[in-house]
Amino acid sequence: MKMPSKEDKVLLEEMVVRERNMKRRRDISGLMLHKLRLFKRRLVAFLTVLSSGLLLGFYSTFEQFKSMSIVSVIEVNVLVAAILVLFTSYFWQLMLKYWPLKNLISWYKTRLRTMYAGPLLASKRWLQFYYKGRDISPYIPQILYYLQNESALKTVDEVLAFIDGETPSEVKEHNVLDKFRRFIGETNQMVLSTATADGIPSSRQMRFIVSPEKSNVWYFGSAPETPKIAELDLGKAAINTIPTSTGMTIASNKLSIKRSKYKLSDLADLYRVQVPGFMDGLLEADIDNEIIYEIVIESARLDTWTQHDQVKF
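Position one of the sequence shown corresponds to residue 78 (the working numbering), numbered consecutively onward.
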């Protein structure tokens, strides 16, 4: 019977360590999401009780109960209280999406990330796992399954060849592309890095919108008098989106960047949908003067706290 080579045994041990770290990351990620949901529920419950109590007290000061029995008064108050609780609970649930509750939730998310930053950063190095120049991190659970159980496949190379033959590359690419589209549906902020002609780097946080026809084509605007215009016109840049609550990010330095044929007024409707509030307060002169840049992503890295993928266009 063919036995795994010494190199494969060492590789398998590293894969096992990697999976343990990924399990820990998944556990921490799940705990953070649980705490965030619990925080939202407690926030809504607190505001519901507070506002319902105030409204019920306000209602009681105007309501006259002289002609009603004590039982009827209690029944009316209980009914009114139940209606107020249902109404205010629904109202505060909707208000979670808006200021100031949205900012409060964002603060709590930041607090959670800070609280668990240590173990998450410590295991981040295991997100990518390279073997012969290829990132095989998505296939490690399958590799371990085949090599740790009775199987005709006895080497890492044999398992990878089997996986590649079992799942067509078109299917894999389609799945990763779907994930990319989900990623960009959850963020509209990126860190854009450029450099001067002398090679001095700089980064700034930017809002962006995505082309409805091509998900790898992004647009952002800049005032014409800003220093970064000269850097952007050099056509070299790198991007990294701001992490979402689940740690999702898109990063790429394989892209092209140039001035777009569109004006801000041409993209106004897209901005209103994808970046609510961006167009509010902009003067007509600002809209006319804004320079729009187009980013075309050739390939990108997709990361969460527990997964890593590469997408090509």
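Note that beta-carbon positions come from the ideal geometry of N, C-alpha and C, so glycine has one too.
I want to see whether chain D comes within less than 8 Å of leucine 108, judged by CB atoms only; does it? Looking at the structure shown, chain D is missing, and only one protein chain is on hand.
Output the distance between the C-alpha atoms of leucine 311 and valine 268, rounded to the nearest integer angstrom. When the Cα atoms are used, leucine 311 and valine 268 turn out to be separated by approximately 18 Å.
Identify which residue in Gln384, Ile374, Lys389 has its Cα closest to the Cα of arginine 101. With distances taken between CA atoms, arginine 101 lies nearest to Gln384 out of Gln384, Ile374, Lys389.
How about threonine 326 and aspartate 255: are their beta carbons less than 8 Å apart? Contact flag unset, no.
Please report how far the alpha carbon of threonine 303 lies from the alpha carbon of lysine 117, in whole angstroms. Near 40 Å, if we compare the C-alpha coordinates of lysine 117 and threonine 303.
What separation, rounded to the nearest whole angstrom, lies between the Cα atoms of glycine 134 and methionine 172? Our two residues, glycine 134 and methionine 172, have alpha carbons roughly 23 Å apart in a direct line.
Out of Thr187, Asp275, Leu347, Leu341, point me to the one whose CA is closest to alanine 366's CA. The question names alanine, yet the displayed sequence has asparagine at residue 366. Among Thr187, Asp275, Leu347, Leu341, the Cα nearest to that of asparagine 366 is on Leu341.
Terminal residues of the beta strand (DSSP E) in which proline 278 lies: Unbroken beta strand (DSSP E) run through proline 278: 278-284.
Here's the rule: buried if 16 or more other CB atoms are within 10 angstroms of the residue's CB, otherwise exposed. What is methionine 192? Burial call: exposed.
Quick one: measure Cβ to Cβ for threonine 21 and lysine 335, integer angstroms, because I've assumed they're closer than 8 Å. No answer is possible for residue 21: the residues shown for the chain start at 78 and end at 390.
Can you grab the Cα-Cα spacing for the pair tyrosine 348 / tryptophan 176, in whole Å? Computed Cα separation, rounded: 19 Å.
State the Cα-Cα distance for the pair isoleucine 390 and lysine 179, rounded to the nearest angstrom. Looking at the sequence itself, residue 390 is phenylalanine, so the reference to isoleucine does not match. Each residue's Cα considered, the two are about 35 Å apart.
Please name the residue in Tyr207, Glu96, Ser166 whose C-alpha comes closest to that of phenylalanine 123. Comparing alpha-carbon positions, the option among Tyr207, Glu96, Ser166 lying closest to phenylalanine 123 turns out to be Ser166.
Presumed contact (8 Å Cβ cut-off) between glutamate 375 and tyrosine 296, rounded CB distance: Contact doesn't hold; Cβ gap of about 17 Å is too wide.
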